[in-house]
Amino acid sequence: MGTIDDGARNAVEVCMGLRHGEKVLIVTDRAQLIVGNALKKAAEKSTPPKLVKMLVIEEIAKRPLSSLPNVIEDAIPWANVTFWAANSEPGELAARGPFIKKAKQYARHGHMPNVTRILMEQGMCADYGEVYKLTHRVHDILKKAKVIEITNSLGAKISAEFDKSWRWVASDGRYHEKGRWGNLPEGETFTAPKNLNGRLVTNLLGDWFSEKYGNLRDPLSFEIHDSRIDLSSLECRNEKLKAELLEYLKTDENSNRASEFALPTNPLLIALPTIGNLLQDEKARPHIAFGDPYQDETGAPWSSRTHVDMLLERCDVLADGRKIMSAGRYVI
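Heads up: the sequence shown begins at 10 in my numbering, then just goes up one per residue.
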């Protein structure tokens with residue numbers, strides 16, 4: 010695919026469009042310091058090194074972070090471009106959420122929770138011109154759809170309805186203006202569903218579950234009624250995972266509410282097997298999330314302290330009866 014330096018250069022120059030004289034803030038951790046250093050090196054080729062600042066989480070606060078440390082929060086207004094490139098730990102949405110919110114006020118942001126060297130060498134080395142084109146082709150179809158259906162050979166059968174006043178977001182990998190942000194590697198289009206029903210079968214979960222469990226040997230499944238997971242229907246052979254997920258989905262009143270419906274738009278990753286890391290794999294497969302709906306982006310009128318994505322493999326997708334994906338490949 011490429012090297013970590015190639016991926017970092019794509020992130021800095023292509024996705025964030027860093028210009029000479031702009032200031033860059035990179036938040037990383039010890040586990041992914043190699044990624045943080047690669048981003049720093051790439052940034053220092055586009056802007057003077059004195060304008061690039063890197064903060065290592067463990068040097069600032071104890072983990073898991075229960076809130077955004079003041080040292081990090083106070084550094085955000087200084088920057089034009091920000092990156093969060095660190096592993097995710099349980100409960101750290103309480104830090105990452107406020108970081109994104111403040112970063113959007115002052116800068117443009119590349120969000121990379123659970124990024125690894127492999128992601129930098131694969132997903133970040135995609136042709137982001139092609140990512141941009143496919144994202145907008147798919148976005149133009151989905152934003153007009155009233156009902157989208159997903160089925161696959163594993164037994165998933167989902168039907169989602171959409172509110173025309175809620176926005177579809179084209180995560181196209183170009184974040185060149187203040188206030189824009191996205192998850193890198195990039196390539197998806199998403200919104201919050203107004204109503205979602207059916208059976209979901211998944212082999213990969215988001216948030217910190219991705220880091221802990223990776224690709225599941227046995228799929229996890231459950232029923233969804235009126236956008237809510239029926240917790241009593243949850244089936245999972247891994248009893249520890251099942252218990253942790255049930256606890257997670259009870260965090261607040263909206264933790265089990267369908268909050269994101271997304272299709273992938275990274276051509277390189279769509280053609281590759283998943284690797285068990287949600288940050289990259291969600292750009293390769295359709296996925297549905299539960300919890301917070303990213304209200305600022307989608308316009309959906311609720312919030313949650315949690316957000317967990319769930320991936321679907323080998324999908325057929327119909328938008329208002331028109332097949333746009335067959336066995337996980339676009340047919341548009």
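Just so it is clear, CB atoms sit at the ideal spot from N, CA and C, and this is done for glycine as well.
Cβ neighbour criterion (16 or more within 10 Å) applied to residue i
i	result
Gln-131	buried
Val-248	In the sequence as presented, Val is not what sits at residue 248; that position holds Glu. Result: exposed.
Ile-341	exposed
Gly-45	buried
Gln-114	exposed
Gly-191	buried
His-296	buried
His-185	exposed
His-76	Looking at the sequence shown, residue 76 is not His but Ser. Ser-76 comes out exposed.
Asn-212	buried
Glu-244	exposed
Trp-311	exposed
Glu-31	buried
Glu-68	exposed
Ser-335	exposed
Asn-275	buried
Glu-256	exposed
Gly-182	buried
Pro-57	exposed
Asn-79	exposed
Pro-273	buried
Glu-269	buried
Glu-262	exposed
Beta-carbon gap between residue i and residue j smaller than 9 Å
i	j	result
Asn-224	Ser-168	no
Arg-39	Ile-66	yes
Leu-327	Ile-157	yes
Asp-242	Phe-299	According to the sequence as given, residue 242 is Ser; it is not Asp. Cβ atoms of Ser-242 and Phe-299: not closer than 9 Å.
Ala-95	Pro-73	no
Ala-112	Phe-199	no
Ile-150	Asp-325	no
Arg-266	Arg-237	yes
Gly-391	Lys-292	Limits of the chain in this structure are 10 at one end and 341 at the other, which puts residue 391 out of reach.
Val-210	Leu-254	no
Asp-301	Thr-315	yes
Asp-235	Asn-204	yes
Ala-88	Lys-62	yes
Ala-165	Asp-329	no
Ala-17	Met-133	yes
Met-25	Arg-117	yes
Asp-290	Leu-277	no
Arg-338	Leu-320	no
Glu-98	Glu-220	yes
Thr-37	Phe-108	no
Asp-9	Lys-110	Outside the shown range of the chain (10 to 341) lies residue 9, about which nothing can therefore be said.
Presumed contact (8 Å Cβ cut-off) between residue i and residue j, rounded CB distance
i	j	result
Lys-54	Ile-35	Not really, about 14 Å apart at Cβ, beyond 8 Å.
Leu-193	Gly-285	Wrong, their Cβ atoms sit about 18 Å apart, outside the cutoff.
Ser-135	Trp-175	At residue 135 the sequence reads Ala, which differs from the Ser that was named. Contact doesn't hold; Cβ gap of about 28 Å is too wide.
Val-90	Ala-51	No, Val-90 and Ala-51 are not in contact; Cβ-Cβ is about 11 Å, not under 8 Å.
Val-178	Thr-260	Not really, about 24 Å apart at Cβ, beyond 8 Å.
Pro-228	Leu-163	6 Å
Ala-47	Leu-64	That pair is no contact at about 16 Å.
Tyr-137	Val-33	The pair is not a contact, with the Cβ atoms about 19 Å apart (cut-off 8 Å).
Leu-258	Tyr-222	Wrong, their Cβ atoms sit about 15 Å apart, outside the cutoff.
Arg-126	Ile-233	No, Arg-126 and Ile-233 are not in contact; Cβ-Cβ is about 36 Å, not under 8 Å.
Gln-41	Val-124	6 Å
Min CB distance residue i to chain E below 9 Å
i	result
Gln-304	Among the protein chains of the structure shown there is no chain E, as only one such chain exists.
Checklist entry - Where are the alpha helix (DSSP H) runs, 4 residues long or more, that stay fully inside the stretch 166 to 253, in chain order? => result 216 to 222, all fully within the stretch 166 to 253.
Item to check | Sufficient close CB pairs (3 or more, under 8 Å) joining the stretch 215 to 224 to the stretch 140 to 149 | outcome: By the C-beta criterion, the stretch 215 to 224 is judged not to be in contact with the stretch 140 to 149, since fewer than 3 inter-stretch pairs fall below 8 Å.
Next on the checklist: Please give me, in chain order, every unbroken run of the alpha helix (DSSP H) with length at least 4 that falls completely inside the stretch 10 to 93.
Outcome noted: Runs of the alpha helix (DSSP H) inside the stretch 10 to 93: 13 to 18, 42 to 52 and 79 to 84.
Next on the checklist: Quick check on the DSSP output: what are the complete beta strand (DSSP E) runs of length 3 or more inside the stretch 103 to 150, in order along the chain?
Outcome noted: The DSSP assignment places complete beta strand (DSSP E) segments of no fewer than 3 residues inside the stretch 103 to 150 at 117 to 122, in order along the chain.
Item to check | Continuous beta strand (DSSP E) assignments of at least 3 residues falling wholly in the stretch 253 to 328 | outcome: Given a length threshold of 3 residues, each whole run of the beta strand (DSSP E) inside the stretch 253 to 328 is given here in chain order: 267 to 273, 296 to 300, 316 to 320 and 324 to 328.
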